[in-house]
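The sequence shown begins at 2 in our numbering and counts up one residue at a time.
Built from N, CA and C at the ideal position, the CB exists for glycine as well.
Read the structure below first, then the notes.
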Amino acid sequence: MASSVALVVAIVFTMAQLSAGSSRRLMELYVPPESDRLSYHQGAVLSGDIPVSILWYGKFTPAQKSIVSDFLLSLTSAPNGAATPSVGQWWGTIEQLYLSKAVTAAANGAAAGSTRVLLGEQLTDEDCSHGTSLTLDQIEQLAARVGAKKGGVALVLTDEDVAVEGFCSSRCGRHGSSQDGKSTHIWVGNSVKQCPGHCAWPFAQPQHGPQGAPLVAPNGDVGMDGMAMVLATMVAGTVSNPHGDGYYQGPKGAGLEACTACSGVYGSGAYPGYAGNLLVDPTTGGSYNANGAGGKKYLLPALYDPATASCSTLV
């Protein structure tokens, strides 16, 4: 089953009186009753070694490709002594909150092994063999071309000039699985020309809602840094709900997942229009919350904690 980045986060607005008749609007994430919260539906999760193969559809520079590849490498192969907070710590939270519990349950209490993301084959289609306006069916065809291994992920990345069905209007990325259930795929598009305020916020002026000055992208590329954020969301959803019957909240196939249940939250104190308290690189001015391989820095979405019904952030 496929899942898209959620467009709406349920918010409760409360008013608190301050002084001299002034007021301030406080915004808090709505906490649904326990019966409606994100939970495990006894389906499979991805575990063990997860090979990720990439199809670069369109034109990407080597520097742009490195932002994505270094993110994937940072998930489970960070070198000793890596700066913290790190991408690896974020991945460790996914393992702790989702993967280890599901694998242990499936093994009837046996100890769960570690899960690793492995960067596999990378293909390039600079000439856009399917054109520059793609349907979701064509995305799945491109994913099949990558040929993800069993238990692996085929990642299709489209450049800034490629339009995809539903891109910007209802989704920034998407994940799904093959009909035989043996492999999964992810698609993410570069939104810098089409809808940066929607899919690359907070590195671009938001299209709707509270307005604030955009933050500086940590790797100096609004489109690619935005893709990394969406890719992180899709990775979390894919490993914890690969076939639509794992961890989710709401209707099957269209529910909230590990990150989309905390949409727009990147640091502590976040509220609509404010990504939260983040770290700032003193040299570049870029905002981030995770260190990665090759000196890269990333802004990664918060992860929903099913046990506490709260959003877990790195900073």
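Worksheet entry | Nearest to HIS199 (by Cα), restricted to the options SER178, ALA145 and GLY174 | When each option's Cα is compared against that of HIS199, the closest is GLY174.
Worksheet item: Which residue's Cα is closest to the Cα of VAL223: SER48, LYS183, GLY256 and ALA64?
Response: Closest option to VAL223, Cα to Cα, is ALA64.
Discussion item. I believe GLU341 touches LYS60 by the beta-carbon criterion, under 8 Å. Please report the beta-carbon distance rounded to the nearest angstrom.
Written reply: What the structure shows of the chain is the stretch from 2 to 316, and residue 341 is not part of that stretch, so it cannot be assessed.
Worksheet item: Span of the beta strand (DSSP E) holding LEU119?
Response: Per DSSP, LEU119 belongs to the beta strand (DSSP E) from 117-126.
Worksheet item: Around the Cβ of LYS297, are there at least 16 other Cβ atoms within 10 angstroms (buried) or fewer (exposed)?
Response: That one is buried.
Worksheet item: With 16 other CB atoms within 10 Å as the buried threshold, where does VAL193 fall?
Response: Result: buried.
Fill in: Assumed close pair SER40, PRO307 - CB separation to whole angstroms, cut-off 8 Å
Right, the Cβ-Cβ distance comes to about 6 Å (below 8 Å), so this counts as a contact.
Worksheet item: Apart from the five residues on each side of it in sequence, which residues of its chain come closer than 6 Å, Cβ to Cβ, to MET241?
Response: It is worth fixing the name first, because residue 241 is Ser in this sequence and not Met. Counting only Cβ-Cβ distances below 6 Å, and skipping sequence neighbours, we find VAL46, TYR99, GLY247, TYR248 and ALA259.
Practice prompt. Tell me PRO52's beta-bridge partners as DSSP assigns them.
Written response: The bridge partners DSSP lists for PRO52 are LEU119.
Worksheet item: With respect to the beta strand (DSSP E) encompassing TRP188, which residues constitute its N-terminal and C-terminal limits?
Response: TRP188: member of the beta strand (DSSP E) spanning 185-190, first to last residue.
Worksheet item: Comparing alpha-carbon positions, which option in CYS196, ILE51, VAL147 and VAL154 lies nearest GLY167?
Response: The shortest Cα separation from GLY167 among CYS196, ILE51, VAL147 and VAL154 belongs to CYS196.
Worksheet item: Are GLY152 and HIS244 close, meaning C-beta to C-beta below 7 Å?
Response: Result no, Cβ atoms of GLY152 and HIS244 do not sit closer than 7 Å.
Discussion item. Can you give me the C-alpha to C-alpha distance between ASP160 and ASP226, rounded to a whole angstrom?
Written reply: Going from the Cα of ASP160 to the Cα of ASP226 covers about 13 Å.
Worksheet item: By Cβ distance, which residues of its chain are closer than 8 Å to ALA164, with the 5 residues on each side in sequence left out?
Response: Excluding residues within five positions, the ones whose Cβ falls inside 8 Å are THR133, SER134, LEU135 and GLN195.
Fill in: Chain-order list of residues whose beta-carbon lies under 7 Å from that of GLY277 (same chain, five-residue window excluded)
The beta carbon of GLY277 sits closer than 7 Å to the beta carbons of VAL266, TYR267, GLY268, SER269, GLY270, ALA271 and THR314 from its chain, once the five residues preceding and following it are set aside; these are given in chain order.
Worksheet entry | Coil, strand or helix - VAL193 by DSSP | VAL193: coil per DSSP, three-state reduction.
Discussion item. Can you give me the C-alpha to C-alpha distance between THR234 and GLY93, rounded to a whole angstrom?
Written reply: The alpha-carbon atoms of THR234 and GLY93 are separated by roughly 15 Å.
Worksheet item: For the putative contact between ALA294 and ASP138, defined by C-beta atoms under 8 Å, what is the C-beta separation to the nearest angstrom?
Response: Not really, about 34 Å apart at Cβ, beyond 8 Å.
Worksheet entry | C-beta contact flag for ALA229 and TYR299 at 7 Å | Cβ atoms of ALA229 and TYR299: closer than 7 Å.
Discussion item. Quick check on HIS209: buried or exposed, where buried means 16 or more other Cβ atoms within 10 Å of its Cβ?
Written reply: Here HIS209 is exposed: its Cβ has fewer than 16 other Cβ atoms, across all protein chains shown, within 10 Å.
Worksheet item: Beta-carbon separation of PRO273 and PRO203 under 7 Å?
Response: No.
Item to complete: From the DSSP output, in three-state form, read off VAL316 for me.
Response: Three-state DSSP puts VAL316 in coil, outside helix and strand.
Worksheet entry | Entirely enclosed alpha helix (DSSP H) segments - the stretch 201-280, minimum 4 residues | With a minimum length of 4 residues, the continuous alpha helix (DSSP H) runs that stay inside the stretch 201-280 are 223-241.
Discussion item. Here's the rule I'm using: 16 or more other beta-carbon atoms within 10 Å means buried, otherwise exposed. How should THR309 be labelled?
Written reply: Exposed is the call here.
Worksheet item: Quick one, are the C-beta atoms of GLU96 and THR116 less than 7 Å apart?
Response: Against a cut-off of 7 Å, the Cβ pair of THR116 and GLU96 comes out as a contact.
Worksheet item: So the beta strand (DSSP E) GLY177 belongs to, where does it begin and stop?
Response: Here the beta strand (DSSP E) through GLY177 covers 174-178.
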